[in-house]
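When we follow my numbering, the leftmost residue of the sequence shown carries the number -8, and every step to the right adds one.
The beta carbon of each residue, even a glycine, is placed where N, CA and C say it ideally should be.
So the structure is just underneath, and the comments pick up after that.
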Amino acid sequence: MQASGGGAAGPPALPRHPLDHIASFRKNRRTTRKKGFTPFHARSYYLKLLSYTPLRAKGAVFLALIAGLAFAACTPSPSVNLQLDSEILALAANADKLPMSIDEKGGDDTIAAYYKNEGTKKSVVDFFTSLTKSRTIAVAILDNAVKHKVPASLAFAIAYEESRFDPTAKSLNATSVDRGLFQLNSSSFPDLTESEIFDPARNASEGIGYFRQVLDLSGNEVSALAMYNAGRTRVSQRGAPVITLGYISRILNYERNITSLFTAKVIARTSMLGKIRMGLAQEKGQSIQ
-8 MQASGGGAAG PPALPRHPLD HIASFRKNRR TTRKKGFTPF HARSYYLKLL SYTPLRAKGA
52 VFLALIAGLA FAACTPSPSV NLQLDSEILA LAANADKLPM SIDEKGGDDT IAAYYKNEGT
112 KKSVVDFFTS LTKSRTIAVA ILDNAVKHKV PASLAFAIAY EESRFDPTAK SLNATSVDRG
172 LFQLNSSSFP DLTESEIFDP ARNASEGIGY FRQVLDLSGN EVSALAMYNA GRTRVSQRGA
232 PVITLGYISR ILNYERNITS LFTAKVIART SMLGKIRMGL AQEKGQSIQ
């Protein structure tokens, strides 16, 4: 995240993660140079992003299952995930009975709804703990996404793009420094102490809270992401720079990947296991009679 009038810095060169399914910034930059990526192209691409709406493909569950298996290969608890993914694969035979997308469960933010439900909260925390490799970070982002009414999948996508879920990450700019989970800029948040900046809960609170402000100001996620990255003043006066368009595209891609994984590993599994338990309970009741 940059100061209000500052330029954007590229993402840190950190290890690959299951959420990475698009080309790196450096490769994108070479490609745009070769193809003559002009300001006209940037404007057209930006307008396309403004009209972005989440995909609802009928085969979303199947794709999510494949994504879930790829994700499991990179998680720190292979034995647990092997059991989980075996259960998910078993559900594929009943794919017609499962939700096609996260939206079919209803509500503005299904992840938040599952997190606030005591019956499914642990599954949500476990899922995001596996994603971020830290329960502290998972809970910090979930709590503040719910508090500030920002879609949880988007909040996690921003944190991944900004710091790769590293609460100690630093990025030096010409006149300032971005720090912590949501890369809070020292010029935009001058009153925060170093201990506060590197505290996941405080950093998430400030970062997600700030995103909520620019979201209310801009009226849509794409413009809010542009302001979060390049600064409100610059975007309002001159529009988003080309480098920010790549930033927006990556985050929207991560958001979709998180949604697919969550659908496969939490929603589908919870839905089917609930039906299985109900069936067993009914059979037990009939046997007693």
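So what does DSSP say about residue i, is it helix, strand or coil?
| i | result |
| --- | --- |
| residue 177 | coil |
| residue 182 | coil |
| residue 125 | coil |
| residue 101 | helix |
| residue 134 | helix |
| residue 109 | coil |
| residue 157 | coil |
| residue 140 | coil |
Between residue i and residue j, what straight-line distance do the alpha-carbon atoms span, to the nearest angstrom?
| i | j | result |
| --- | --- | --- |
| residue 170 | residue 195 | 12 Å |
| residue 253 | residue 141 | 17 Å |
| residue 111 | residue 206 | 28 Å |
| residue 134 | residue 222 | 25 Å |
| residue 117 | residue 260 | 13 Å |
| residue 215 | residue 229 | 15 Å |
| residue 249 | residue 201 | 22 Å |
| residue 114 | residue 192 | 20 Å |
| residue 176 | residue 186 | 15 Å |
| residue 100 | residue 231 | 27 Å |
| residue 262 | residue 190 | 35 Å |
| residue 122 | residue 107 | 19 Å |
| residue 181 | residue 165 | 16 Å |
| residue 48 | residue 203 | The predicted position of residue 48 is uncertain, since its pLDDT is 40 and thus under 50; no value can be drawn from it. |
| residue 124 | residue 251 | 19 Å |
| residue 109 | residue 236 | 39 Å |
| residue 335 | residue 210 | Nothing in the structure corresponds to residue 335, since the chain is present only between -8 and 280. |
| residue 126 | residue 158 | 13 Å |
| residue 119 | residue 234 | 29 Å |
| residue 247 | residue 227 | 27 Å |
| residue 152 | residue 174 | 10 Å |
Please tell me whether residue i and residue j are closer than 8 Å, where the distance is taken between their beta carbons.
| i | j | result |
| --- | --- | --- |
| residue 136 | residue 146 | yes |
| residue 172 | residue 143 | no |
| residue 139 | residue 102 | no |
| residue 242 | residue 131 | no |
| residue 219 | residue -8 | yes |
| residue 167 | residue 178 | yes |
| residue 239 | residue 217 | yes |
| residue 197 | residue 208 | no |
In the DSSP assignment, find the unbroken beta strand (DSSP E) run with residue i in it and report its ends.
| i | result |
| --- | --- |
| residue 251 | Per DSSP, residue 251 belongs to no beta strand (DSSP E); it is in the alpha helix (DSSP H), 233 to 253. |
| residue 161 | 161 to 163 |
| residue 168 | 168 to 170 |
For the alpha helix (DSSP H) that residue i lies in, which residues bound it at each end?
| i | result |
| --- | --- |
| residue 222 | Taken as a continuous stretch (DSSP letters only), residue 222 belongs to no alpha helix (DSSP H), as it is neither H nor E. |
| residue 197 | 191 to 209 |
| residue 147 | 143 to 154 |
With residue i and residue j assumed to form a contact (beta carbons below 8 Å), what rounded beta-carbon distance in angstroms separates them?
| i | j | result |
| --- | --- | --- |
| residue 213 | residue 105 | Going by Cβ atoms, the distance from residue 213 to residue 105 rounds to 26 Å, so no, they are not a contact pair. |
| residue 156 | residue 128 | 6 Å |
Spell out whether any CB of chain C is found under 8 Å from the CB atom of residue i.
| i | result |
| --- | --- |
| residue 123 | No chain C appears in the structure shown, which is made up of a single protein chain. |
At a cut-off of 7 Å, would you count residue i as near the ligand NAP, judging by its Cβ distance to the nearest heavy atom?
| i | result |
| --- | --- |
| residue 126 | Only the bare structure without any ligand can be found here, which leaves the ligand NAP out of the picture. |
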